[in-house]
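Residues 8 to 338 in my numbering are what the sequence shown spells out, letter by letter. Below is one structure, written out as C-alpha cells; the observations come after it.
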Amino acid sequence: MKKILCLMLALIMLAGCTPVNMEEDESKTESRNESKTESISTPESVSESEPDEESSTPDESSAATEGYQKPEILDKSYSERSQYFGEYWNVEYDVNDTYFKNSVFVGNSIMLHFSKYTERKRAADKGFLGNANFFAAASFSYYNNAHQTADSKDCALPSFRGQPMNITQAVGEMNIGTVYLSLMALNDIAIYKDGMTGILETYDLFVKLIDELKTEYPAVKVVVLSNTYLHSSSDNAAHKLNNGSISDLNIRVLDYCNQNGIDFIDIASVLLDEDDCLGTEFCSDVGSPTAACHLTDYAYNAWTFILRDYAANKLAGTWENPESMKGIISK
C-alpha cells in the first residue's frame, strides 16, 4: 500500500510541474524572438538609409571641400590678360548673371561708365548681370556721401528716381538684397591735407558707412569692390593721390573685410601692367591732364569676368576673399 501511495504522489507531482515549465519556456522564447525582430533591419530599410550612388552630387560636395580656385588668367602676364579680355566674347549672357538680381552697384565715374557699358550689353541681352541697378555719379565720394544733402551747393550725390540722396537713403528706397560698394579713393584721398590723412579719413568714413548699413538694413548684404589704379602717365609719388595711396587704402579695407566676414572682390589687380599701373589697353584717358584713371570696355570685360567668377563660387559655396593684395609704391 505504501508503494502504491508513493507512486501516485510522484505521478501527481510530475503532472503538476510539467505544464508550468513548458509555458515559461514558450514565453521566454517568444520574448527573445520579439526583441530580435525589433533590432534587425529589413533589407528594404537598409536600402532606404544608404545613399544612392547614382543620385548623389559628387561635383557639389567636392567643390565645397576643394575651396576657391582662382582663374588662371588672373595670374597671366599683362599682355596675355589684355589680349584675353580684349577678345572676351562671352559677355552677352552667363547663367551666373542671375546672381546679381536685386542688387545695386555704388560708385563714382568709374562705376557710372560701367553702368553705361551694362546698358549697351542689355540692349542685346536683357539678362546681362541680372537686373542689377547702379547708384553712381561722376564726382561722388565717401566724403560727399557723409557731408552733403540734396540741398548742398555743388551736390555730388547720385540720384534715385530724380532725387539726390546718400547711400544709406538709397538702399532704403530700393528693393535690394545686396549692395556692392566700390572704393572711391580717386575723389576722396586728394581732398585732404596729405595722402596719409586722406587714406585714414576715407577708411574711417567707409567703415562707418558699412556699420550704418548693417544697423539700418541687417538683411542687406554688403560686398566691397577694390579701387582701380592710375595709368603711369598720372602716377606720381609727389601727389597725394597716387597708386601707392590707393594701394594702401585697398589693403586696409581688405584686412577689415577679412576680419569682419565681408566679401571683398578685387577688380583692380587684373588691370595692372608690368609697372603696377593701370594698363594702357584698359585706360580710356591716357595722358589726361587731371588723372588718367577711367576704363575701356576691355577693362569692363575683365570686371564682368571677375563678377561672374564671384557669383559662380558664391553659388557653389567656395568663395574666399583674397588673403592679401600686393603693396604698390609710386615713383
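Idealized CB from N, CA, C, for every residue including glycine. Values in this document were obtained by computation on a predicted structure and should not be read as measured data.
Subject >> Three-state secondary structure assigned by DSSP to residue 147 >> reply: Reading the sequence shown from its first residue, position 140 is the one you call residue 147. Coil, per DSSP.
Subject >> Assigned exposure category for residue 225 - 16 Cβ within 10 Å defines buried >> reply: Counting from one through the sequence shown, the residue named residue 225 turns up at place 218. Classification of residue 225: exposed, given that the 10 Å Cβ count is below 16.
Original post:
Going by Cα to Cα distance, which pick from 103, 274 and 267 is closest to residue 254?
Top reply: Here residue 254 refers to the residue found at position 247 of the sequence shown. When each option's Cα is compared against that of residue 254, the closest is 274.
Original post:
Do the segment 113 to 124 and the segment 78 to 91 make contact, defined as three or more Cβ pairs closer than 8 Å?
Top reply: Counting Cβ pairs under 8 Å, fewer than three are found: no touch.
**OP:** Note down the Cα distance separating residue 228 from residue 108, rounded to an integer number of angstroms.
**Re:** By one-based count along the sequence shown, residue 228 stands at place 221. By one-based count along the sequence shown, residue 108 stands at place 101. Using only the alpha carbons, I get a separation of about 13 Å.
Original post:
First and last residue of the beta strand (DSSP E) that includes residue 270?
Top reply: Within the sequence shown, residue 270 is the residue found at index 263, counting from 1. That run of the beta strand (DSSP E) goes 270 to 272.
Original post:
The beta strand (DSSP E) with residue 185 in it runs from where to where?
Top reply: As a first step, residue 185 is located in the sequence shown; it is residue number 178 there, counting from the start. Taken as a continuous stretch (DSSP letters only), the beta strand (DSSP E) holding residue 185 covers 185 to 189.
Subject >> For residue 233 and residue 211, the rounded distance between their alpha carbons >> reply: Residue mapping note: residue 211 aligns to position 204 of the sequence shown, counting from 1. Residue mapping note: residue 233 aligns to position 226 of the sequence shown, counting from 1. When rounded, the distance between both Cα atoms is 16 Å.
**OP:** Mind checking which residues open and close the alpha helix (DSSP H) that includes residue 110?
**Re:** Within the sequence shown, the letter at position 103 stands for residue 110. It is not in any alpha helix (DSSP H) - residue 110 instead sits in the beta strand (DSSP E) that spans 110 to 114.
Subject >> beta strand (DSSP E) runs wholly inside the segment 226 to 260, at least 3 long, in chain order >> reply: Within the segment 226 to 260, the complete beta strand (DSSP E) runs of at least 3 residues are 228 to 232.
Subject >> Residue environment, residue 178, which counts as buried when at least 16 other CB atoms sit within 10 Å >> reply: For the purposes of this step, residue 178 is taken as the residue at position 171 of the sequence shown. Only buried fits residue 178, as 16 or more other CB atoms lie within 10 angstroms of its CB.
Original post:
What are the start and end residues of the alpha helix (DSSP H) that includes residue 95?
Top reply: Taking the first residue of the sequence shown as position 1, residue 95 is located at position 88. Counted as a single uninterrupted DSSP element, the stretch harbouring residue 95 is not any alpha helix (DSSP H), since DSSP gives it neither H nor E.
Original post:
Among 251, 122 and 193, which one has its Cα closest to the Cα of residue 307?
Top reply: Taking the sequence shown and counting its residues from 1, one reaches residue 307 at position 300. Checking every option, the nearest Cα to that of residue 307 belongs to 122.
Original post:
When the Cα of residue 75 is compared with those of 333, 336, 326 and 334, which residue comes out closest?
Top reply: Here residue 75 is taken as the residue at index 68 of the sequence shown, counted from 1. Shortest Cα-Cα distance from residue 75 to any of 333, 336, 326 and 334 involves 326.
Original post:
In angstroms, rounded to a whole number, what distance separates the CA positions of residue 110 and residue 184?
Top reply: Locating residue 110 in the sequence shown gives position 103, counting from the first residue. Locating residue 184 in the sequence shown gives position 177, counting from the first residue. If I take the Cα positions, the gap works out to 6 Å.
Subject >> Limits of the alpha helix (DSSP H) - the one that residue 198 falls within >> reply: Counting from 1 along the sequence shown, the entry for residue 198 is found at position 191. No alpha helix (DSSP H) holds residue 198; DSSP gives it neither H nor E.
**OP:** Assign residue 70 to one of three DSSP states: helix, strand, or coil.
**Re:** Translated into positions along the sequence shown, residue 70 becomes position 63. Confidence at residue 70 is low in this model, with a pLDDT of 40, below 50, so the placement of that residue is unreliable and no value is reported for it.
Original post:
Residues bridged to residue 329 by DSSP?
Top reply: For the purposes of this step, residue 329 is taken as residue 322 along the sequence shown, with counting starting at 1. According to DSSP, residue 329 shares a beta bridge with no other residue.
Original post:
Taking DSSP as the reference, what is the three-state secondary structure of residue 141?
Top reply: The sequence position of residue 141 within the sequence shown is 134, counting from 1. Strand at residue 141.
Subject >> Whole-angstrom distance between residue 238 and residue 128, CA atom to CA atom >> reply: Against the sequence shown, residue 128 aligns to sequence position 121. Against the sequence shown, residue 238 aligns to sequence position 231. Going by the C-alpha atoms only, they are around 26 Å apart.
Original post:
What is the residue span of the alpha helix (DSSP H) that residue 136 lies within?
Top reply: Along the sequence shown, one-based indexing puts residue 136 at 129. Counting along the chain, residue 136 falls outside any alpha helix (DSSP H), and DSSP gives it neither H nor E.
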